[in-house]
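Here the sequence shown is numbered in numbering that gives the first Met the number 0, starting from 0 and rising by one per residue.
Glycine included, C-beta positions come from ideal geometry on N, C-alpha and C.
Okay, so here's the structure we're looking at.
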Amino acid sequence: MHEFLLHNGEIRDTREPLLSPGQVGFMNGWGVFSTLRVSSGVLFAYERHYERMKHDATLMHVPFELSSDELHRALLKLVEANHALDATLRVSVIRNKGGLFESPDLTRDADLVAFTADLRAWGAGVKLGYMPHGRHGASHFAGVKVASWGQNLTWYEEAHERGFDEFLLLNEHGQISECTSANIFAIEGDSVVTPPLSSSGCLPGVTRALLLEEINVPGLKVSERELTPSDIEASDQVFITSTTRDLVPVLEIDGAPLAQDHRKLNALKQAFTRYRTEYVAARSPQEKPVPA
Numbered sequence: 000m001h002e003f004l005l006h007n008g009e010i011r012d013t014r015e016p017l018l019s020p021g022q023v024g025f026m027n028g029w030g031v032f033s034t035l036r037v038s039s040g041v042l043f044a045y046e047r048h049y050e051r052m053k054h055d056a057t058l059m060h061v062p063f064e065l066s067s068d069e070l071h072r073a074l075l076k077l078v079e080a081n082h083a084l085d086a087t088l089r090v091s092v093i094r095n096k097g098g099l100f101e102s103p104d105l106t107r108d109a110d111l112v113a114f115t116a117d118l119r120a121w122g123a124g125v126k127l128g129y130m131p132h133g134r135h136g137a138s139h140f141a142g143v144k145v146a147s148w149g150q151n152l153t154w155y156e157e158a159h160e161r162g163f164d165e166f167l168l169l170n171e172h173g174q175i176s177e178c179t180s181a182n183i184f185a186i187e188g189d190s191v192v193t194p195p196l197s198s199s200g201c202l203p204g205v206t207r208a209l210l211l212e213e214i215n216v217p218g219l220k221v222s223e224r225e226l227t228p229s230d231i232e233a234s235d236q237v238f239i240t241s242t243t244r245d246l247v248p249v250l251e252i253d254g255a256p257l258a259q260d261h262r263k264l265n266a267l268k269q270a271f272t273r274y275r276t277e278y279v280a281a282r283s284p285q286e287k288p289v290p291a
């Protein structure tokens, strides 16, 4: 984490005590969040992150009054304060009131907290292990990116203890859903498929959405389809996606090596990088923080 964070519109030192045990959302994970990529001072795909947070906040009854422009300006203040022109940015809206144990002196319905951190090198590929019943596709809250992330962090830690990078989570029907912090795709011939939001229980990742809706590679069609472990294991290439990773190949699952069709994956990677470059270039220079 960098030196400064954003707290309710103000730039504060990360070492300052800013929270109270009586803030219900911080005690119970009652909030929503998103992780953005800062590229050359631009919040990449910001509009999609904002809309997902607004949707999830409504579903979770988390007060979220900031307009898109207001939040955008506040986050750019943080980017400028930390000189974080190429970085990762985490933004959360946390509910303060409700339940049985709220503090009596709270004046805000919700807190906005954001911080930046350095980009991370994720390596040439990942090793996954299966986790049965990791997602419940029929849940009312399936696909919501909530602050209550303890279960995912536990699985992430356990995966590393077992020699994996992540777990590949299955839903209640034994179908592929997602990883603990990434979506998953499989390349089958000229088809690139990912589990559907409607039934798998996976999160609507922004990188996932861009591949489905914006990225075009001649000869490849990207779509949703229910997938089983057998489908994944028989595919030409498996890869995961996230805001912090972009597209990363899956090398093996439960110790079994997977096929590696790097030609098609590299074509997708190049198209995605080109899209981000064009997105950043199209943003007005006056919106970008000035380098230190």
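Counting only unbroken stretches of 4 or more residues, the alpha helix (DSSP H) elements lying wholly within the region 6-54 are 23-27, in sequence order. At a Cβ-Cβ threshold of 9 Å, LEU196 and PRO203 count as neighbours. Closest in C-alpha terms to LEU127, from the list ALA158, MET59, ASP55, comes ALA158.
Sequence-distant partners of THR87 (beyond 5 residues in either direction) whose C-beta falls short of 8 Å from its own C-beta, in its chain, are THR34, LEU35, ARG36, VAL37, THR115, ALA116, ASP117, LEU118, ARG119, THR242, THR243.
In the DSSP assignment, PHE166 falls within the unbroken beta strand (DSSP E) covering 165-169. From the listed residues LEU5, PRO20, GLY21, GLN22, the smallest Cα separation to ARG14 is found for LEU5. Here DSSP, grouped into helix, strand and coil, assigns ALA123 to coil.
Beyond the five residues adjoining it in sequence on each side, GLY8 comes within less than 6 Å, by CB distance, of ALA73 in the same chain, given in chain order. Boundaries of the beta strand (DSSP E) harbouring GLN236: 236-241, taken from the DSSP string. In this structure, TYR155 sits near SER180, with a CB-CB distance shorter than 9 Å. The beta carbons of ASP12 and PHE25 sit about 19 Å from each other, so the pair does not count as a contact at 8 Å. The alpha carbon of ALA281 has as its nearest neighbour, out of VAL41, GLY28, GLN22, the alpha carbon of VAL41. Following the DSSP letters along the chain, one finds LYS96 in no alpha helix (DSSP H), marked with neither H nor E. In the three-state reduction of the DSSP assignment, SER147 falls in the coil class, being assigned neither a helical nor a strand state. The DSSP-derived three-state label of THR272 is helix. Close CB contacts of ILE10 within its chain, under the 8 Å cut and outside five residues either way in sequence, are with PHE3, LEU4, LYS76, LEU77, ALA80 (chain order). DSSP places ARG244 outside both helix and strand once states are collapsed to three, so it counts as coil. According to the DSSP assignment, VAL205 belongs to the alpha helix (DSSP H) that extends over 205-212. With respect to the 9 Å criterion, GLY30 and SER67 are not classified as neighbours on the basis of their beta carbons. Here ASP55 is near VAL145, since their CB atoms are less than 9 Å apart. In the DSSP assignment, LEU202 falls outside any beta strand (DSSP E), carrying neither H nor E.
Minimum Cα-Cα distance from ASP260 among the listed residues VAL191, SER198, ILE214, ARG224 corresponds to VAL191. Nearest in C-alpha terms to ALA123, of all of PRO256, HIS82, THR272, LEU246, is LEU246. Ranked by Cα distance from GLU232, the first of ALA185, GLU223, TYR278, ASN215 is ALA185.
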